[in-house]
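So the structure is just underneath, and the comments pick up after that.
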Amino acid sequence: MSDVLRLPWTEARGEVSPREYVDASLRAIAKSDAELHAFLHVNAEAGEGALPIAVKDNIVTTDMPTTCASHILRDFVSPFDATVVARLRARGASIVGKANLDEFAMGSSTEHSAFGVTRNPWDLARVAGGSSGGSAAAVAARMVPAALGSETGGSVRQPAAFCGVVGLKPTYGRISRWGLVAFASGLDQIGVVTKTTRDCAEVLGMIAGHDPYDSTSSTERVDDYAADVDAGVKGLRFGIVREAVERLEGEVRANFDAAVAVLRGGGAIVEEASVPAIGYAIAVYYIVANAEASANLSRFDGIRYGHRSERARTLDEVYFDSRGEGFGPEVKRRIMLGTFALSSGYYDAYYGRAQRVRARLRHEFAQAFQQFDYLITPTTPEPAFRIGEKADDPLSMYLSDIFTAPANLVGIPAIAVPSGFDAAGLPLSLQIMGSHFAERSLFRAAGFFERETAYWKQLPKLAGG
Amino acid sequence: MKIDRDEARRVAALAHLEFDDAGLDRMSEEMTKILTYIDQLREVEAGGFEERDATVTPLRVDEPRPSLDQELVARNAPAWRDGFFVVPKVIGGE
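Written out as structure tokens, the structure reads:
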């Protein structure tokens with residue numbers, strides 16, 4: 322194990338034993354989680370390990386339940402470990418807990434968790450983001466040095482931005498999804514949340530690579546992801562996505578401009594790039610993702626596992642009542658939208674059209690990457706919003722993923738790096754997108770930005786110490 | 099795109115979800131709002147782009163291999179007897 326991936330309480334003390342490290346993490350969770358609710362399960366029996374880590378509760382584990390923050394899986398314990406979990410364990414990590422999320426990873430705030438919202442460590446009245454809100458809050462509050470999340474449309478990067486930590490969505494296919502409960506299989510990818518870029522690169526190296534149990538996992542070589550973290554950005558070409566940033570204003574705009582100045586200060590070439598269809602990404606996303614979700618979630622039928630309604634007397638009632646009682650409102654809304662988009666008479670007008678616009682978006686990104694090494698935007702159009710603020714307006718919640726969803730639709734890797742704070746002290750974030758399998762190069766750019774700005778050294782009041 | 103109560107009911111039946119009338123009205127209203135936003139896709143020129151990605155997911159070799167132990171599967175089953183999932187009687191019910 323490298324000497325990175327350290328929490329504040331170990332940095333000061335040099336070498337700690339694996340037992341001490343895991344115990345310290347468990348103590349930090351015990352201290353802060355009553356207020357944050359980043360965890361759905363904590364494994365007090367977590368064995369010793371070189372690395373205590375949290376895993377989003379839609380990634381299956383044999384030693385703790387996997388609920389997807391849904392009543393329908395309330396009591397589910399997986400008979401096998403996800404490939405990422407098995408790989409972490411094989412490399413000496415201990416899974417100390419399962420992190421909260423929006424039910425089935427559907428949401429941008431963890432307010433859709435059936436078991437209660439995760440609060441933002443920087444301001445307890447605000448959301449931690451979502452859907453991997455528990456993972457981001459746990460790292461931000463230094464309860465764990467690293468956490469796994471999952472992304473379908475920004476669900477690692479958006480909460481990482483809201484909580485002031487690093488969040489990576491790798492290339493589609495970079496990490497095996499065996500054991501990740503499927504939401505939208507053509508988009509889903511496991512991601513990594515850490516306090517620094519180097520930590521993120523280290524964890525990616527532990528879990529990346531082909532897996533015979535996931536045929537969409539790539540055989541592309543696993544790189545030495547941290548190799549260029551200190552290499553700087555001199556001469557590298559960054560494209561500012563014009564269509565994404567032209568309407569930005571206020572503090573988010575000023576923060577983004579300051580980030581561009583940091584990159585230029587390191588000798589990077591930063592110019593305007595154009596991805597004309599990027600503004601349609603959310604519309605495409607909510608058709609494609611929900612269509613796939615409606616098919617994937619049909620497996621929750623009350624027959625083989627999960628909740629079965631006690632009042633069901635016929636087979637149809639088992640289906641309808643179990644799903645009716647088990648799923649929350651957002652999940653039902655998405656299943657309804659997806660079912661509609663795939664239904665006879667609407668398929669081509671919605672699903673077919675969305676897929677064609679997605680293909681156009683893919684083409685536009687490929688064009689832009691002929692000219693640029695990276696494309697940049699803010700990670701989110703605004704900092705963390707208040708709990709309840711968007712609860713009655715699903716569409717405005719969806720729009721908080723406007724800058725992150727494109728990378729999922731196109732399959733490229735993207736990283737969120739802390740870029741400072743607004744006047745209220747809420748974290749802001751820079752998003753750097755790269756071309757397929759360019760994770761090593763992403764860490765290079767993010768590493769430079771992080772070294773120049775060092776925002777990760779600022780801690781929320783709630784951070785364990 | 100306007101979704102009315104009957105359309106929401108049709109989709110709910112396809113999706114194996116049940117709502118009461120108030121729930122159907124709320125759902126149709128929300129779906130109408132979201133689909134109206136999505137309808138902006140009609141203005142995008144996407145002719146010449148294929149619906150499907152040309153890349154094909156490789157398949158593994160089709161060889162038998164051990165599967166999950168029945169006991170592990172039974173542990174999560176809502177109703178289980180003699181190695182089978184139990185469901186309400188489908189044929190010849192009351």
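Same order as they appear, the protein sequences are chains C and Z.
Residue numbering for the first sequence follows our numbering, beginning at 322 and increasing consecutively.
Residue numbering for the second sequence follows our numbering, beginning at 99 and increasing consecutively.
Cβ atoms here follow ideal geometry from the backbone N, Cα and C, with glycine treated the same way.
The structure displayed is predicted, hence computed values, not measured ones.
- In the structure shown, residue 149 (chain Z) adopts coil according to DSSP, grouped into three states.
- Check the Cα spacing between residue 382 (chain C) and each of C:346, C:357, C:420, C:355: the tightest is with C:420.
- Put simply, the backbone Cα of residue 606 (chain C) is about 29 Å away from that of residue 517 (chain C).
- Excluding residues up to 5 positions away in sequence, 503, 504, 505, 506 lie with their Cβ nearer than 8 Å to the Cβ of residue 617 (chain C) in the same chain.
- If only uninterrupted alpha helix (DSSP H) runs of at least 4 residues are considered, those enclosed by the segment 397–481 of chain C are 404–411, 454–461.
- For residue 109 (chain Z), the C-beta contacts it makes with chain C under 8 Å involve 657, 660, 661, 664, in order along the chain.
- Neighbours of residue 623 (chain C) in chain Z, taken as residues whose beta carbon is under 8 Å from its own, are 176 in chain order.
- Sorting C:369, C:360, C:357 by C-alpha distance to the C-alpha of residue 337 (chain C) places C:369 at the top.
- Using a CB distance below 7 Å, the part of the segment 697–719 of chain C facing chain Z consists of 715, 716, ordered along the chain.
- Between residue 343 (chain C) and residue 375 (chain C), the gap from beta carbon to beta carbon reaches 7 Å or more.
- Bounds of the beta strand (DSSP E) holding residue 375 (chain C) are 372–377.
- Approximately 26 Å separates the beta-carbon atoms of residue 650 (chain C) and residue 704 (chain C); this is outside 8 Å, ruling out the contact.
- Between the segment 638–656 of chain C and the segment 543–555 of chain C there are fewer than three C-beta pairs closer than 8 Å, too few to call the two in contact.
- Within the model, the alpha-carbon separation for residue 357 (chain C) versus residue 186 (chain Z) is close to 43 Å.
- The alpha-carbon separation between residue 530 (chain C) and residue 475 (chain C) amounts to approximately 22 Å.
- Between the beta-carbon of residue 400 (chain C) and that of residue 449 (chain C) there is about 31 Å, and that puts the pair past the 8 Å contact cut.
- The three-state secondary structure of residue 187 (chain Z), taken from DSSP, is coil.
- Of the residues C:398, C:465, C:702, C:560, the one whose Cα lies closest to the Cα of residue 718 (chain C) is C:702.
- Only 116, 125, 128, 129, 131, 132, 135, 136 from the segment 116–137 of chain Z bring a Cβ to less than 7 Å from some Cβ of chain C.
- The residue from C:563, C:622, C:682, C:582 with its alpha-carbon nearest to that of residue 177 (chain Z) is C:622.
- With its beta carbon at least 7 Å from every one in chain Z, residue 510 (chain C) lies outside the interface.
- Within chain C, 533, 534, 536 have C-beta atoms less than 9 Å from the C-beta of residue 158 (chain Z), given in sequence order.
- Looking at the DSSP output, residue 511 (chain C) shares a beta bridge with C:471.
- Among the CB atoms of chain C, none fall inside 7 Å of the CB of residue 162 (chain Z).
- Distance from the CA of residue 123 (chain Z) to the CA of residue 102 (chain Z), rounded to the nearest whole angstrom, comes to 8 Å.
- Secondary structure at residue 362 (chain C): strand, using DSSP grouped into helix, strand and coil.
- Boundaries of the alpha helix (DSSP H) around residue 686 (chain C): 674–692.
- In this structure, the beta-carbon distance from residue 726 (chain C) to residue 478 (chain C) does not fall below 7 Å.
- Chain-order list of chain C residues neighbouring residue 154 (chain Z): empty, with the shortest C-beta distance near 10 Å, by a criterion of under 9 Å.
- Straight through space, the alpha carbons of residue 527 (chain C) and residue 699 (chain C) are spaced by roughly 28 Å.
- In the DSSP assignment, the residues bridged to residue 754 (chain C) are C:696, C:735.
- Between residue 612 (chain C) and residue 659 (chain C), the gap from beta carbon to beta carbon is short of 7 Å.
- For residue 607 (chain C), the chain Z residues whose C-beta falls within less than 7 Å of its own C-beta are 132, 136, listed in chain order.
- Using a 10 angstroms sphere on the CB of residue 675 (chain C), the tally of other CB atoms reaches 16 or more, which defines it as buried.
- Residues of chain C with a Cβ closer than 8 Å to the Cβ of residue 183 (chain Z) are, in chain order, 624, 625.
- Residue 770 (chain C): member of the alpha helix (DSSP H) spanning 760–774, first to last residue.
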